[in-house]
Amino acid sequence: MSVFPHSRLFLGPSKSVLISGPHIQVLDTHTGNLLHSTATLDGLETAKLLKSGPVRCSTVDRGFTYVVTSGEDKKLKVWEVDGLKLLSERELPKKPTEIRVTQDGQTIVVSDKFGDIFSYPLHLDPSLERTESEGNTGTTKRGTLASHENPSNGTLILGHTSLLTSFVLTSDEQFVISADRDEHVRVSWFPQGYVIERYCLGHEKFVSAIHVPSFAPSQLVTGGGDPVLKLWDWMSEPFIVVKAPISRYGRSDDDDGDDGEQEKVEKIGRRGRKGRGKKAKGKGKNEGVGEEAMQEQEQGEAGQSMVSAEGEGTEDVVMGDVESEAQVESERVTQVQAEAQEAEATTVEGALGEAAEKDKLVFALRRIDSADVHGQGQFLVFSAVGATALFFCVFPSSPQTKPPVVQSLDLKKPVLDFTVGAGGHIWVLVDDERPSTSERPTGESDERAVRLVSWLDGKLVEVHGAESKTFSLLTSLNTTCVLPATASDLKTLDLYSALSSLPKNVDPEHDPMRRENQNQNLDAFEIESVASSRAGTPIPGGSKKGKAKSGGPTQRELARMKNKKAVLAKMQEQEQAKMKVGDGAGAELGGVTDEERENKKARAADSEGSVQAL
Amino acid sequence: MDWSSHYPAFVSTGKTPEFADVGCGFGGLLIALAPMFPDTLMLGMEIRVQVSQYVQDRIIALRTTSAISNAASPEPYQNVSIVRANAMKFMPNYFPKHSLSSLFFLFPDPHFKARKHKARIISPTLLAEYAYVLRPGGIVYTITDVHDLHEWMKSHLAAFPLFEPVAEEDLRAQGKGPIIDAVYSSTEEGKKVERNNGQKWLACFMRIEPLRILGRLNTHLHQE
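The listed protein sequences correspond, in order, to chains A and B. Residue 1 is where the first sequence starts when you use UniProt numbering, and the numbers rise one by one after that. Residue 1 is where the second sequence starts when you use UniProt numbering, and the numbers rise one by one after that.
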């Protein structure tokens with residue numbers, strides 16, 4: 001019998017809310033009793049609920065009075081936790097990616113796939129709605145938001161220009177930190193989201209999870225497609241600490257992180273010459289201290305932690321559409337090489353070509369959370385889409401310490417989500433429908449949708465057997481709350497879509513700039529490099545080395561090359577003129593620009609006949 | 001962002017661009033402004049590959065062929081460069097906070113259809129990014145020959161809390177006349193409009209400081 005996997009769990013002091021597929025259930029936190037459930041609604045209401053599809057985003061307010069959900073139909077639904085009464089239903093302009101409620105419980109803030117964040121009053125005032133819906137056009141203030149129309153009169157807080165994956169409100173709710181698919185992490189005022197305080201730039205792939213630990217409210221942890229977690233001090237000029245996850249995420253029978261490390265180091269060493277990854281690309285802005293610290297730490301930790309490239313092959317049904325993680329590979333190898341002090345920066349393309357043969361893996365962080373465990377320290381816990389492990393590491397108390405080693409706890413089933421509860425317990429929701437990786441005999445521990453995990457000596461361990469039975473909530477979650485689902489229901493769930501939807505298809509073959517450069521045959525390239533070294537004017541924007549393209553250059557490119565040759569010829573002519581004039585003038589080799597200036601002085605004196613003094 | 005390949009003559013100064021031409025096309029404005037402000041770095045952003053390459057070549061040619069011998073002043077056209085980029089997406093990647101003193105939007109794509117309005121270069125969400133890269137007191141120059149777009153840009157900028165309109169006369173009085181003249185007529189687009197006897201509408205706005213909201217904690221801001 002198929003059942004809906006539990007996708008989200010909110011733990012409250014007295015009540016807990018569970019989201020499974022399209023259904024919401026409310027339980028008593030202590031006894032585990034099922035208090036309310038949308039599965040027990042009568043026909044008409046259930047039909048409406050199911051029509052909305054699986055719940056994609058949800059949240060509860062601080063007092064556990066309201067639960068706000070949104071499904072496939074872009075409808076924002078506000079329910080009362082007590083009795084699961086549907087209070088209101090509003091249409092959102094685009095599919096939401098994250099929903100939050102402010103601490104005062106009055107405002108719902110929603111981010112969407114278009115890139116906007118809107119806020120809505122939690123309590124819908126019907127009279128207000130009617131008046132505002134008139135006069136929506138023209139040059140009124142409403143008119144200037146015509147490009148960001150909102151059918152439910154939401155207030156535009158801010159907008160990114162690509163899919164907004166996640167956002168958080170800081171603890172004082174003075175700022176909103178938002179992340180998007182274009183690697184931006186932006187800190188803006190709240191609710192005046194139009195004032196951008198700063199950006200935390202540095203990610204090289206989409207950012208999908210951000211978190212501000214409650215015990216360190218001035219720090220921000222971000223993660224996404226990069227195999228690193230970045231820690232920022234978002235309140236001042238951000239410096240970052242980069243942490244590379246050790247793991248084998250994905251599936252593996254081997255729980256022991258240390259062995260895995262060794263293995264990976266060898267495998268990477270064997271790959272030989274690789275290119276320097278796009279780390280050098282000038283997109284990030286890491287200020288001063290932070291940058292050096294980051295590079296140092298990367299080198300330092302290269303020996304300890306590697307990212308797994310090896311997918312687990314054909315067993316890995318979960319990964320779905322995977323794309324080349326070539327960037328990851330070259331980054332990783334960069335770390336190894338940095339340590340080994342091998343210099344040569346070869347082309348990105350070269351690296352990609354080699355890496356393409358390897359197994360491809362897409363990494364997407366799902367959620368980052370933190371735990372302050374009494375007596376054991378402060379930790380960061382995170383999960384990745386499709387990964388069977390829950391990852392954790394020590395929260396670095398000061399930026400100077402080396403980035404912590406990331407460890408993992410393999411639960412054998414893909415982790416859908418997790419919730420950090422009281423007393424340091426972590427409730428992990430797994431996808432029971434997927435076949436297990438290992439061939440362990442099916443014991444009771446394999447067939448549970450919710451696992452309980454706890455801290456022991458600074459490590460996560462699963463709570464089994466008798467001890468787990470004392471948590472009646474756990475039992476209830478795994479038994480009475482399990483709802484049947486048809487195969488088609490499960491298909492529409494599409495829990496791992498982020499792996500294919502978030503990464504950008506940056507196929508180097510289709511990079512227009514690169515192809516253009518390839519079209520110039522090597523002859524032209526030599527012209528450029530000679531020009532650069534002689535006249536000291538590198539081409540603005542830089543030119544990339546590229547392998548010669550098989551087809552001939554187009555007309556336009558020929559014309560361009562012709563022009564370049566003409567310019568170069570002129571430069572050479574001028575240089576020769578300078579050579580004749582005075583060796584003394586050219587003898588000073590104090591840098592390229594000085595030389596150039598001297599050349600030009602001489603040139604002016606000689607060829608142009610002007611009266612400029614030397 | 002490494003500017004040394006763009007402005008090799010200014011490597012030692014540590015300067016970053018102060019003028020940015022968004023959608024610079026064939027570079028007409030920058031080429032006109034470069035000699036007027038030889039100590040100011042200016043950058044063009046153009047999304048089209050061919051066009052940006054053309055401007056690249058043009059700048060190299062200008063740098064080489066118009067050399068002057070006076071060593072005291074910087075070489076001509078060393079202060080202008082172009083980058084092929086999508087300014088709507090990656091503006092903050094190029095410019096530090098409050099680093100620009102002028103932002104130019106010359107004859108932007110009108111995106112006439114209502115459903116394409118959100119692709120217009122001036123939008124309520126993008127204005128926050130422009131306000132981020134522009135310093136307080138910095139000026140946004142917009143010009144277009146499409147009246148509807150002019151009204152759109154004007155109303156959006158006026159409605160945005162961090163911009164306030166500034167009249168052409170006032171700018172001229174401040175000495176920015178040559179810039180405005182260049183905005184009107186130095187670009188290929190501008191010249192085309194003149195040939196077709198079209199009309200041009202200029203709208204300029206100044207970036208202002210945000211109003212402090214009562215009760216707001218300002219401590220965070222002071223840490224900069």
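C-beta atoms are modelled at their ideal positions from N, C-alpha and C, and glycine is treated no differently. Treat the numbers as computed from the prediction; the structure is a model and nothing was measured.
Where residue 225/B sits in the DSSP three-state scheme
Lying outside 1 to 224, the shown extent of chain B, residue 225/B is not represented and no answer is given.
Closer than 9 Å by beta-carbon distance: list the chain B residues that pair up with glycine 159/A, in chain order.
Ser123, Pro124, Thr125, Leu126 and Ala128
If alanine 203/B and threonine 142/B are in contact, beta carbons under 8 Å, what's the gap, nearest whole angstrom?
5 Å
Is the CB of asparagine 93/B under 8 Å away from at least one CB in chain A?
yes
Using the three-state DSSP reduction, which class does serine 20/A fall into: helix, strand or coil?
strand
What span of residues does the alpha helix (DSSP H) with glycine 190/B cover, start to end?
188-195
Can you check whether the C-beta of alanine 61/B is within less than 8 Å of a C-beta belonging to chain A?
yes
Distance, Cα to Cα, lysine 570/A vs isoleucine 59/B?
15 Å
Does the distance from the C-beta atom of leucine 86/A to that of tyrosine 120/A stay below 8 Å?
no
Extent of the continuous alpha helix (DSSP H) to which threonine 40/A belongs
It is not in any alpha helix (DSSP H) - threonine 40/A carries neither H nor E in the DSSP assignment.
Kindly say whether glycine 12/A, judged by its beta-carbon, lies nearer than 8 Å to any beta-carbon of chain B.
no
What is the rounded straight-line gap between the Cα of serine 208/A and the Cα of glycine 423/A?
27 Å
Since phenylalanine 114/A is in the beta strand (DSSP E), which residue starts that stretch and which ends it?
Phenylalanine 114/A -> no beta strand (DSSP E), and no H or E assigned at all.
Quick check on asparagine 197/B: buried or exposed, where buried means 16 or more other Cβ atoms within 10 Å of its Cβ?
exposed
Taking CB distances under 8 Å as the criterion, tell me whether phenylalanine 160/B reaches chain A.
yes
Should proline 108/B be flagged as near chain A, meaning a C-beta pair shorter than 8 Å?
no
Three or more C-beta pairs closer than 8 Å, one from the segment 383-401 of chain A and one from the segment 488-502 of chain A: is that the case here?
yes
Let me know if glycine 135/A comes out buried or exposed under the rule of 16 or more other beta-carbons within 10 Å of its beta-carbon.
Unreliable positioning characterises glycine 135/A in this predicted model, as indicated by a pLDDT of 40, which lies under 50. The coordinate reading is nonetheless provided below. It is exposed - the Cβ of glycine 135/A has fewer than 16 other Cβ atoms within 10 Å.
Residue burial classification, arginine 366/A (beta-carbon count within 10 angstroms, cutoff 16):
buried
For glycine 223/A, three-class secondary structure by DSSP
strand
Which same chain residues end up closer than 6 Å to isoleucine 108/A when comparing Cβ atoms and leaving out the 5 residues on each side of it in sequence?
Val68, Val101, Tyr120 and Leu122
8 Å Cβ cutoff, glutamine 25/A in contact with chain B:
no
When DSSP labels each residue in this structure, what does leucine 522/A get in the three-state scheme?
Only weak support exists for where leucine 522/A lies, its pLDDT of 39 falling under 50; the coordinates are left without a value.
Under three-state DSSP, which class holds isoleucine 180/B?
helix
Starting from lysine 564/A, find everything on chain B with Cβ-Cβ shorter than 7 Å and list it in chain order.
Asp57
With a threshold of 7 Å on Cβ separation, who are the neighbours of glutamate 209/B within its own chain once the five nearest residues in sequence on each side are excluded?
Pro136
Neighbour list for alanine 146/A in chain B, Cβ cutoff strictly below 7 Å:
His117
Pull up the distance between the alpha-carbon of cysteine 200/A and that of threonine 40/B, whole angstroms please.
27 Å
Out of Lys95/A, Pro96/A, Val110/A and Asp61/A, which has the shortest C-alpha to C-alpha gap to aspartate 104/A?
Asp61/A
Could you check whether the Cβ of residue 616/A sits closer than 8 Å to any Cβ belonging to chain B?
Examination of residue 616/A is not possible in this model, given that chain A is present from 1 through 614 alone.
Contact criterion: CB-CB distance below 8 Å. Does isoleucine 177/A meet it with respect to chain B?
no
What does the alpha-carbon distance come out to for the pair proline 124/B and histidine 156/B?
7 Å
Are at least three pairs of beta-carbons, each pair with one atom in the segment 164-183 of chain A and one in the segment 124-134 of chain B, less than 8 Å apart?
no
In or out: glutamate 194/B buried (at least 16 other Cβ within 10 Å) or exposed?
exposed
Measure the C-alpha to C-alpha separation of phenylalanine 395/A and glutamine 78/B and round it to an integer number of angstroms.
47 Å
Just checking: is the beta-carbon of threonine 13/B within a distance shorter than 8 Å of some beta-carbon in chain A?
no
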